[in-house]
Amino acid sequence: MHVEHEASFICKQKHTFDFAKQGHLYLLTGQKRKPSHYNTSLFEARQQIIMESGLFDRFHAKMRKLLAGTTGTVVDLGCGEGSHSKSIVNEEATVAIGLDIAKEGIVQAAKSYEGILWLVGDLAYSPFKAHSMDVILTILSPSNYKEYKRLLAPGGNVVKVVPQREYLQELRTFFYAGQEKETYSNEETISLFKQHFRETTIKTITYSAMIKKSDLPALLKMTPLTWKAQNERKIAFLDQDVMDVTIDFAVLIGKEPRIH
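Following full-length UniProt numbering, the numbering of the sequence shown begins with 1 at its first residue and continues without gaps.
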């Protein structure tokens, strides 16, 4: 694709995609349905927690250090409202792109953050040409390894952030003590990632941070962990004054994709 008159994109089939007034492009074709929870309210809650509560500040700092010196094109697949993208992608990147299937998230991103091209699209059928991405970033989002391999440029990296067992453990214990949901394992996810790359590196980021009472409603709303929680437990959760919350991530870095 290329930009024409700074107002639209034209693909090689001569289809034209106009920028929305918020500054994003809508590139989905056909009927795509997303879970009803992924709405404007959820993305506003995520933005509040990610950018204002301080919960993710140390994560962002470590990720910026990890990606320091990155040049070329960086794409965040499954970027949501773009808060992680904006906080992590270094200015050295020649082009920064955020893509998500949820229009509400991309609208929020485009209204909030400049300097990144925001696209509504399906990460399994992305609009990018083959071998055009120097870094593919995926944070707490699904993976499509076939598409990763198509997009990754020679010498490029896939950087996938996945939760570890202690991620938001305080919420798991509060809402699901004694139930299956109280525990989590990422072993299958990591094993699958390793199967697709000849070279893999795993780094961990673990710490805890205090969340103040005014941020608890947004924390409750932003995570799928609470979507099926009992209402009385939600009320009790919001009645707390402060809460310590654990961040526990594995950062998976893959190079040299295996061709199956």
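Glycine included, each C-beta is placed from N, C-alpha and C at the ideal position.
Here the structure is a predicted model, which is why all the values come from computation and not from measurement.
Check: Might you give, ordered along the chain, the residues of its own chain that have their beta carbon closer than 7 Å to the beta carbon of Ala45, omitting 5 neighbours on each side?; Outcome: Ala218, Lys221 and Met222
Check: Determine, using beta carbons only, whether Ile40 and Glu104 come nearer to each other than 8 Å.; Outcome: Here residue 40 is Thr; the residue named in the question, Ile, does not match the sequence. Yes; because the gap between Cβ atoms is below 8 Å, this pair is in contact.
Check: So, for Val95: in the same chain, excluding its five sequence neighbours on each side, which residues have a beta-carbon less than 6 Å away from its beta-carbon?; Outcome: Thr73
Check: For the region 95-126, which segments carrying the beta strand (DSSP E) assignment without a break, of at least 3 residues, lie completely within its bounds, in sequence order?; Outcome: 95-100 and 117-120
Check: Should Ala236 go down as buried or exposed, given a rule of 16 or more other Cβ atoms within 10 Å for buried?; Outcome: exposed
Check: Using DSSP's beta-bridge definition, name the partner residues of Tyr207.; Outcome: Ile247
Check: Quick check on the DSSP output: the alpha helix (DSSP H) that includes Thr173 runs from which residue to which?; Outcome: Gln169 to Tyr176
Check: Would you mind reading off the limits of the alpha helix (DSSP H) that contains Pro142?; Outcome: No alpha helix (DSSP H) holds Pro142; DSSP gives it neither H nor E.
Check: Assign Arg46 to one of three DSSP states: helix, strand, or coil.; Outcome: helix
Check: Please report the residue range of the alpha helix (DSSP H) in which Ala93 lies.; Outcome: Here Ala93 belongs to no alpha helix (DSSP H), and DSSP marks it neither H nor E.
Check: I'd like the span of the alpha helix (DSSP H) that includes Asp57, first residue to last.; Outcome: Asp57 to Leu66
Check: Is it true that the region 57-74 meets the region 122-135, where meeting means three or more beta-carbon pairs spaced less than 8 Å apart?; Outcome: yes
Check: Which value, in whole angstroms, describes the spacing of the CA atoms of Phe175 and Gly155?; Outcome: 44 Å
Check: Pick helix, strand or coil for Thr183, following the three-state DSSP scheme.; Outcome: coil
Check: Going by other Cβ atoms of all chains shown within 10 Å of its Cβ, with 16 needed for buried, is Glu81 buried or exposed?; Outcome: buried
Check: Would you identify the three-state DSSP class for Ile259, choosing helix, strand or coil?; Outcome: coil
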